[in-house]
Amino acid sequence: MIQDISPHTFDNSFKQIKPSSKDFVLSFQGKNALTKSKEDFIQCPTFQNLSIDTENAIYLFSIDDHPYFLVSDVPEQNGFTYQPLRPVTKSQPDYFGFAYATGFHLYDWYRNRVYCGRCQTKLEPGTTERSLVCPNCGVIEYPRIFPAVIIAVTHKDQILLAQYPHMKKQVLLAGFVEIGETLEETVAREVYEEVGLKVKNIRYYKSQPWGIVSDVLAGFYCELDSEKEIRLDTNELKCAYWISRDELRYGKENLDGSLTSEMIYQFKMDTYR
Numbered sequence: 001m002i003q004d005i006s007p008h009t010f011d012n013s014f015k016q017i018k019p020s021s022k023d024f025v026l027s028f029q030g031k032n033a034l035t036k037s038k039e040d041f042i043q044c045p046t047f048q049n050l051s052i053d054t055e056n057a058i059y060l061f062s063i064d065d066h067p068y069f070l071v072s073d074v075p076e077q078n079g080f081t082y083q084p085l086r087p088v089t090k091s092q093p094d095y096f097g098f099a100y101a102t103g104f105h106l107y108d109w110y111r112n113r114v115y116c117g118r119c120q121t122k123l124e125p126g127t128t129e130r131s132l133v134c135p136n137c138g139v140i141e142y143p144r145i146f147p148a149v150i151i152a153v154t155h156k157d158q159i160l161l162a163q164y165p166h167m168k169k170q171v172l173l174a175g176f177v178e179i180g181e182t183l184e185e186t187v188a189r190e191v192y193e194e195v196g197l198k199v200k201n202i203r204y205y206k207s208q209p210w211g212i213v214s215d216v217l218a219g220f221y222c223e224l225d226s227e228k229e230i231r232l233d234t235n236e237l238k239c240a241y242w243i244s245r246d247e248l249r250y251g252k253e254n255l256d257g258s259l260t261s262e263m264i265y266q267f268k269m270d271t272y273r
């Protein structure tokens with residue numbers, strides 16, 4: 001998955017440091033990332049690759065003790081251009097893809113948290129932790145992380161796939177955690193709301209940070225506990241259907257770094273239990 005960058009190591013501990021010439025620069029414009037690409041490979045710029053001011057650079061994290069900084073409004077230069085984020089995150093080397101996804105998570109938070117929601121005073125960076133602090137009323141803002149579940153509903157040798165209106169490919173059911181409920185309760189609720197089915201034997205698989213949309217995802221497998229007839233919520237889904245393991249055309253080439261693709265692949269290989 002996108003976070004699986006071994007043998008490289010990711011360190012997100014808070015630090016107050018200034019950049020050096022060999023440190024990496026992450027810059028974004030909307031959902032585009034500053035990078036240089038050739039086929040499936042990308043290059044993340046360093047400060048020595050760019051003519052930019054380092055005064056407002058924000059330290060984000062390190063990979064293998066190499067710091068990454070967020071710098072806003074970097075102009076395209078020296079072959080580095082703004083390219084769509086999602087293809088960039090699926091490129092090689094994989095640790096760069098993960099860096100761009102995680103960097104975007106923080107970029108999106110910083111650009112949407114400029115003023116205090118209580119008193120409208122401009123927020124300031126925290127000095128002891130990754131936060132934004134209101135100097136007037138003391139409100140503390142932390143990076144937004146939205147918990148959500150990915151759900152593989154199975155019945156014997158079949159799995160339930162769905163298509164959301166904004167997506168072209170078939171995926172698993174998914175939904176955000178609501179107040180006052182466990183992750184397992186979210187699974188049961190989302191399945192019933194979206195396809196009208198009841199499930200049992202809900203069991204956790206893995207989790208994944210998905211910084212592209214500020215989510216943290218928890219994957220679950222579960223089994224059908226009602227009739228198979230689907231009652232589709234057309235406000236949420238374009239379609240949903242059962243497909244058998246033999247009919248499912250899904251191989252390693254379909255793995256795209258997402259928890260969803262890994263869970264479908266594990267079902268296909270019959271190795272998900």
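Take full-length UniProt numbering: the final residue in the sequence shown is number 273, and no numbers are missing along the way.
Glycine included, every Cβ here is placed at the ideal spot set by N, Cα and C.
Please read all numbers here as calculations on a predicted model, not as lab measurements.
Inside the stretch 157-222, DSSP marks whole beta strand (DSSP E) runs of 3 or more residues at positions 158-163, 173-176, 199-210, from first to last along the chain. Taking one beta carbon from each stretch, the stretch 13-28 and the stretch 42-58 have 3 or more pairs nearer than 8 Å; the two touch.
In the structure shown, T102 adopts helical secondary structure according to DSSP, grouped into three states. Taking the Cα of Y272 as reference, the smallest distance to any Cα among I17, T127, I202 is reached at I202. F61 and K36 have their alpha carbons spaced roughly 21 Å apart.
When V171, K122, E39, R231 are compared, the shortest CA-CA separation from Y265 is found for V171.
For the set Q92, N78, E262, the Cα lying nearest the Cα of Q208 is the one of E262. Here the alpha carbons of S91 and G97 stand approximately 6 Å from one another.
DSSP places P84 in no alpha helix (DSSP H) but in the uninterrupted beta strand (DSSP E) bounded by 81-84.
In the DSSP assignment, L232 falls outside any alpha helix (DSSP H) and carries neither an H nor an E. In summary, M1 is buried, with 16 or more beta-carbon neighbours lying within 10 Å of its beta-carbon over all protein chains present. Sequence-distant Cβ neighbours of S21 in its own chain, meaning closer than 6 Å and more than five residues away, are F47, Q48.
Shown here for G211: same chain residues with a beta carbon closer than 6 Å to its own, the five before and five after excluded, namely A101, T102, F104, H105 in chain order.
F10 and E124 have their C-alpha atoms spaced approximately 26 Å apart. Annotation for Q266: the continuous alpha helix (DSSP H) segment containing it runs 259-268.
With a contact defined as Cβ atoms closer than 8 Å, V149 and G175 qualify at about 6 Å.
The beta-bridge partner set that DSSP reports for E124 consists of V133.
S6 counts as exposed, since fewer than 16 other C-beta atoms from the protein chains shown sit within 10 angstroms of its C-beta. Straight across, the Cα-Cα distance linking K228 with R144 is about 37 Å.
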